[in-house]
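Engineer:
Right, dumping it as structure tokens:
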């Protein structure tokens with residue numbers, strides 16, 4: 015193995031295609047259903063919301079989908095991203111484990127989100143769309159789409175969950191600096207927003223509500239389409255540049271991971287890192303542990319039900335089979351805005367059902383403690399979302415120490431915490447509260463699941 | 015020339031030595047003087063404040079000073095940093111100029127400051143120091159030293175200008191996340207601080223006052239030394255890794271700069287980029303334009319006097335010959351905390367006297383306009399300090415267009431603006447006020463210069 019701590023790739027190693035895990039699965043995931051008919055949706059049903067190239071990618075079965083040169087040209091600004099060996103963390107933990115992390119915080123907006131934002135903006139531009147709508151929670155996705163829209167000359171309207179809009183003016187500032195419009199959700203701009211406000215004038219919003227607003231606006235305007243930052247197959251596929259680069263970088267390091275770790279909100283950064291490795295393991299019939307880590311306060315994978323559900327609160331989307339806490343679920347306040355979605359990517363859910371991945375949940379105080387421990391030795395302050403992956407990594411490294419085994423752990427440091435300093439300040443001030451759902455609470459959240467005979 | 019937009023170097027190209035411009039100068043800069051005797055200071059005079067290796071570097075005349083392997087090992091985390099060709103900016107400006115920028119925002123704290131913080135922390139640790147004191151304005155330097163102190167196991171006390179301490183809780187949060195102690199200055203902890211508070215109980219502080227507090231604390235404690243983030247020769251030298259890497263990267267690009275541009279507060283990022291190029295131009299007798307860009311609200315190089323002055327408000331430091339606005343000068347509030355120092359690095363001042371560099375000043379609204387223009391096409395939101403360099407670059411590129419000449423411009427994008435979003439929000443809200451000093455105002459600020467017969 016190499017002594018290096020940083021593994022960089024030059025532009026010639028930027029992936030030329032996205033990897034599609036569906037092609038290597040032993041069993042295909044269930045189809046997406048029309049909520050009225052209960053029948054699988056076709057491309058035409060999705061055409062009001064997405065450009066055709068994106069729809070085709072959503073249902074693609076090819077192993078690889080070529081990345082357009084226009085997209086690769088933008089990727090080149092920050093990709094390939096570095097992969098690090100966390101030697102100082104290993105030393106601090108006294109572990110024989112070899113810890114690696116892929117660092118996506120070097121992107122223009124500080125997270126993995128631009129990997130798909132750039133692709134989506136490109137395909138929309140190519141098909142003559144002039145405006146994109148989307149939702150954002152903490153703002154990582156909203157700022158990524160604002161950046162990508164700016165590059166390709168698209169207007170971008172971001173419906174931002176009201177509580178984040180008010181509490182995170184800096185992410186909003188970044189969205190506006192890139193030239194996008196930021197609307198606090200629920201808003202008076204949409205029927206969905208007005209309906210919520212009529213019933214709950216003080217609503218602080220949720221991701222599910224913001225999605226309804228963005229989808230409604232896109233569906234109503236000819237020149238406008240909708241863009242989603244996680245959950246869907248094409249989004250997960252766009253993120254596979256992360257894992258493909260990591261494979262080359264670990265070759266440089268003359269090593270190979272035993273364990274892959276990523277945090278999961280909608281599932282895209284975990285998928286981006288792990289899918290290329292999982293596909294290889296499936297093709298070669300090898301063992302590989304992949305751990306999806308989520309907040310105990312929004313435990314879709316660990317406590318949700320695997321069922322058909324809506325993607326939004328206003329029930330404007332098709333039905334997808336996923337691990338869900340119910341489309342009206344509103345998690346308690348906690349500091350990882352990117353991990354507050356009621357459902358999990360259908361493909362990630364399917365993998366868990368097939369027994370191909372593991373999942374676990376942590377409370378926020380324990381993940382912040384892990385993040386600060388990481389920052390003090392490695393020098394990078396992770397986003398609160400990424401702290402979940404850091405915590406699982408540290409736990410696995412400690413297990414390696416206790417068992418006296420030297421395994422290789424690779425985790426995705428999916429973003430930096432520069433826009434999340436208030437969360438760290440609250441953590442140091444002892445102000446963070448933890449919440450874990452009981453089975454009863456989950457059952458209550460799930461009471462309103464749609465009845466679908468599948 | 016290459017089509018590439020990003021030029022990366024692998025670890026094998028990390029510089030092995032810092033470059034010392036003094037070795038190539040036609041005339042040596044004036045010595046540093048003892049304020050009591052008016053005689054040049056010797057190493058022993060500085061020993062209470064700095065470790066001996068740093069003092070020797072401060073007066074070094076060798077062309078290169080080897081970088082210790084322990085420092086290079088930490089540098090490797092983010093160095094070599096990328097160099098970009100700003101093709102989208104060129105296109106937006108319709109300029110024949112070739113615009114390149116070196117991006118230091120990929121460092122752990124988002125600016126060039128860790129380049130010297132790591133070196134200073136290492137030498138202090140090596141000589142048995144257990145605690146460092148320093149000052150910080152906006153917090154870029156304070157967070158860099160906090161990071162470096164964490165790596166080498168040193169305690170770090172950061173005296174942070176009170177107005178920034180209160181207005182920039184996120185930079186303070188980062189300093190504390192890295193494990194350092196952050197003290198609002200003026201404080202009750204020092205004689206200098208108490209003296210200011212006795213006279214001005216509501217003082218919001220200044221860099222000059224914070225330096226006095228940090229220097230006083232270091233001078234009084236055996237186990238504690240002082241660390242400065244700019245101005246001094248050794249700091250400028252540590253930053254030359256920037257320019258040395260850029261030289262290799264421009265070789266990759268098959269190009270060479272006609273113009274170098276950097277913003278200047280104390281002078282270190284400008285020096286780090288330009289000194290290796292200036293040295294080569296001096297050795298080869300070639301022309302090269304290097305432009306130092308400063309705020310019109312703190313115009314030390316463009317309007318200050320070249321004179322011996324104190325580095326701090328409390329007059330605890332030696333006297334250095336520099337362009338200065340007077341050690342008691344307090345600039346009006348503006349959003350580039352790193353450019354609010356009353357003086358300029360003696361070496362940069364000396365270069366201006368020798369006619370080897372140019373300088374210019376801009377108001378803050380015009381530099382923010384330039385920064386937003388840059389962000390929308392290049393995708394990176396610069397720190398307010400760096401916006402000064404962006405503005406000068408755009409102006410030079412427009413001149414190239416008007417003159418129909420294709421020159422190569424290289425500027426230092428010394429940091430990102432993630433911790434400065436309030437400034438952008440204020441800019442968009444039309445709340446920024448501009449201030450330009452008249453000759454009379456400058457003369458008044460200079461009234462208290464010390465009388466030194468040199």
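Protein chains in written order, with the working numbering: chain P, 15 to 468; chain Z, 15 to 468. Positions of the beta carbon are idealized from the N, C-alpha and C atoms, including for glycine. Note that the structure is a prediction, hence the values are computed from the model and not measured.
1) Measuring CA to CA, which of 340/Z, 335/Z, 388/Z, 377/Z is closest to residue 367/Z?
2) Does the distance from the CB of residue 302/P to the CB of residue 308/P come in under 8 Å?
3) Taking DSSP's pairing of strands, which residues face residue 335/Z in a bridge?
4) Tell me whether the stretch 355 to 367 of chain P and the stretch 231 to 242 of chain P touch, counting them as touching only if at least three CB pairs, one residue from each stretch, are closer than 8 Å.
5) Pick helix, strand or coil for residue 414/Z, following the three-state DSSP scheme.
6) Closest to residue 242/P by C-alpha separation, out of 154/P, 42/P, 58/P, would be which residue?
7) What is the residue span of the alpha helix (DSSP H) that residue 183/Z lies within?
8) I need the straight-line Cα distance from residue 280/Z to residue 225/Z, nearest angstrom please.
9) Tell me whether residue 239/Z counts as near the ligand ATP, meaning its Cβ is closer than 7 Å to at least one heavy atom of that ligand.
10) For residue 27/P, which option in 255/P, 327/P, 417/P, 194/P has the closest C-alpha, if you only look at C-alpha atoms?
11) In the structure shown, what three-state DSSP assignment does residue 442/P receive?
12) Opposite residue 21/Z in the DSSP bridges: which residues?
13) Check whether the Cβ atoms of residue 185/Z and residue 217/Z sit closer than 8 Å, and answer yes or no.
14) Check the Cβ of residue 181/Z against every Cβ in chain P and list those closer than 9 Å, keeping chain order.
15) Which value, in whole angstroms, describes the spacing of the CA atoms of residue 468/Z and residue 332/Z?
16) Would you mind telling me which residues of chain Z sit closer than 7 Å to residue 19/P, beta carbon to beta carbon, in chain order?
17) Are the stretch 374 to 387 of chain P and the stretch 63 to 82 of chain P touching, with three or more C-beta to C-beta distances below 8 Å?
18) Taking all protein chains shown into account, do 16 or more other C-beta atoms lie within 10 angstroms of the C-beta of residue 297/P, making it buried, or fewer, making it exposed?
19) Do you know whose CA, among 103/Z, 108/Z, 161/Z, 66/Z, lies nearest residue 89/Z's CA?
20) Looking at chain P, which residues of the stretch 152 to 174 of chain Z have a Cβ within less than 8 Å of any of its Cβ atoms?
21) Against chain P, with Cβ distances strictly below 8 Å, would residue 435/Z count as a contact?
22) Alpha carbon to alpha carbon, how far is residue 320/P from residue 171/Z?
23) Using CA coordinates, which residue listed in 141/Z, 312/Z, 134/Z is at the minimum distance from residue 448/Z?
24) Where does residue 146/P fall in DSSP's three states?
25) How many angstroms separate the CA atom of residue 200/P from the CA atom of residue 229/P?
26) Thinking C-alpha only, which one of 465/P, 403/P, 388/P is nearest residue 106/P?
27) If you run the structure through DSSP and keep just helix, strand and coil, what is residue 409/Z?
28) If I measure Cβ to Cβ from residue 127/Z and keep anything under 7 Å in the same chain, skipping five residues before and after, which residues do I get?
29) I'd like to check one pair, residue 429/Z with residue 124/Z: are the Cβ atoms closer than 8 Å?
30) Just how far apart, CA to CA, sit residue 21/P and residue 83/Z?
31) According to DSSP, is residue 169/Z helix, strand or coil?
32) From which residue to which residue does the alpha helix (DSSP H) around residue 285/Z run?
33) Check the Cβ-Cβ distances between residue 438/P and every residue of chain Z, and say whether any is below 8 Å.
34) Which residues does DSSP list as the beta-bridge partners of residue 273/Z?
35) Skipping 5 residues on each side, what residues in its chain have a beta carbon closer than 7 Å to that of residue 23/P?
36) In the stretch 386 to 408 of chain Z, which residues sit with their C-beta less than 9 Å from some C-beta in chain P, listed in chain order?
Structural biologist: Taking the geometry as given:
1) For this step, residue 367/Z is matched to residue 353 along the second chain. Residue 335/Z is the option with its Cα nearest to residue 367/Z.
2) The count along the first chain starts at 1 and reaches residue 302/P at position 288. The count along the first chain starts at 1 and reaches residue 308/P at position 294. Between residue 302/P and residue 308/P, the gap from beta carbon to beta carbon reaches 8 Å or more.
3) For this step, residue 335/Z is matched to residue 321 along the second chain. Residue 335/Z is bridged to 322/Z.
4) With a cut-off of 8 Å, the stretch 231 to 242 of chain P and the stretch 355 to 367 of chain P do not count as touching, because too few Cβ pairs lie within range.
5) As a working note, residue 414/Z is residue 400 in the second chain. DSSP places residue 414/Z in the helix class (H, G or I) of the three-state scheme.
6) In the first chain, counting from the first residue as 1, residue 242/P sits at position 228. The option with the nearest alpha carbon to residue 242/P is 154/P.
7) As a working note, residue 183/Z is residue 169 in the second chain. Where residue 183/Z is concerned, the enclosing alpha helix (DSSP H) stretches over 183 to 191.
8) Working through the second chain from its first residue, we reach residue 280/Z at position 266. Working through the second chain from its first residue, we reach residue 225/Z at position 211. Within the model, the alpha-carbon separation for residue 280/Z versus residue 225/Z is close to 13 Å.
9) Inclusion of the ligand ATP in the displayed structure is not the case, the ligand content being empty and no account of it being possible.
10) What you label residue 27/P is simply residue 13 of the first chain in a count that begins at 1. When only C-alpha atoms are compared, the closest one is 255/P.
11) As a working mapping, residue 442/P is identified with position 428 in the first chain. Assigned with DSSP and collapsed to three states, residue 442/P falls in helix.
12) Walking along the second chain from the start, residue 21/Z turns up at place 7. Residue 21/Z pairs with 97/Z.
13) Numbered from its first residue, the second chain carries residue 185/Z at position 171. Numbered from its first residue, the second chain carries residue 217/Z at position 203. Contact: no.
14) For the purposes of this step, residue 181/Z is taken as the residue at position 167 of the second chain. Within chain P, no residue comes near residue 181/Z; the closest Cβ sits about 13 Å away, beyond 9 Å.
15) As a position in the second chain, residue 468/Z is number 454, starting the count at 1. As a position in the second chain, residue 332/Z is number 318, starting the count at 1. Because residue 468/Z carries a pLDDT of 45, less than 50, the predicted location of this residue cannot be relied on, and the following value inherits that uncertainty. Approximately 14 Å between the Cα atoms of the pair.
16) Position 5 of the first chain, counting from 1, holds the residue named residue 19/P. Ordered by position in chain Z, the residues that pass the 7 Å Cβ test against residue 19/P are 90, 91.
17) At 8 Å Cβ cutoff, the stretches do not touch.
18) Position 283 of the first chain, counted from the start, is the residue given in the question as residue 297/P. With fewer than 16 other Cβ atoms within 10 Å, it is exposed.
19) The residue given as residue 89/Z occupies position 75 in the second chain. Among 103/Z, 108/Z, 161/Z, 66/Z, the Cα nearest to that of residue 89/Z is on 161/Z.
20) Those residues of the stretch 152 to 174 of chain Z that come within reach of chain P (Cβ to Cβ, closer than 8 Å) are 161, 164, 165.
21) As a working note, residue 435/Z is residue 421 in the second chain. True, the Cβ-Cβ gap to chain P drops below 8 Å.
22) As a position in the first chain, residue 320/P is number 306, starting the count at 1. As a position in the second chain, residue 171/Z is number 157, starting the count at 1. So the alpha carbons of these two residues sit roughly 52 Å apart.
23) Taking the first residue of the second chain as 1, we reach residue 448/Z at position 434. From the listed residues 141/Z, 312/Z, 134/Z, the smallest Cα separation to residue 448/Z is found for 312/Z.
24) As a working note, residue 146/P is residue 132 in the first chain. The three-state secondary structure of residue 146/P, taken from DSSP, is strand.
25) Taking the first chain and counting its residues from 1, the one referred to as residue 200/P is at position 186. Taking the first chain and counting its residues from 1, the one referred to as residue 229/P is at position 215. Cα to Cα, residue 200/P sits roughly 13 Å from residue 229/P.
26) Position 92 of the first chain, counted from the start, is the residue given in the question as residue 106/P. Checking every option, the nearest Cα to that of residue 106/P belongs to 388/P.
27) What you label residue 409/Z is simply residue 395 of the second chain in a count that begins at 1. Looking at residue 409/Z - three-state DSSP - the assignment turns out to be helix.
28) Within the second chain, the letter at position 113 stands for residue 127/Z. Here the set comprises 154, 155, 158, 243.
29) Position 110 of the second chain holds residue 124/Z. Position 415 of the second chain holds residue 429/Z. For residue 124/Z and residue 429/Z, yes; Cβs fall inside 8 Å.
30) As a first step, residue 21/P is located in the first chain; it is residue number 7 there, counting from the start. As a first step, residue 83/Z is located in the second chain; it is residue number 69 there, counting from the start. Looking at the two C-alpha atoms, the distance is approximately 18 Å.
31) Against the second chain, residue 169/Z aligns to sequence position 155. For residue 169/Z, the secondary structure class from DSSP, reduced to helix, strand or coil, is strand.
32) As a first step, residue 285/Z must be located in the second chain, where it is residue number 271. Looking at the DSSP string, the run of the alpha helix (DSSP H) that includes residue 285/Z is 282 to 298.
33) The count along the first chain starts at 1 and reaches residue 438/P at position 424. Yes, residue 438/P counts as interfacial toward chain Z.
34) Locating residue 273/Z in the second chain gives position 259, where the first residue counts as 1. Paired residue(s): 303/Z, 423/Z.
35) Residue numbering aside, residue 23/P sits at position 9 when the first chain is read from its first letter. The beta carbon of residue 23/P lies closer than 7 Å to those of 94, 259, 262, 263 in the same chain, with the five residues before and after it left out.
36) Taking a C-beta cut-off of 9 Å against chain P, the contacting residues of the stretch 386 to 408 of chain Z are 386, 389, 390, 391, 392, 393, 394, 395, listed in chain order.
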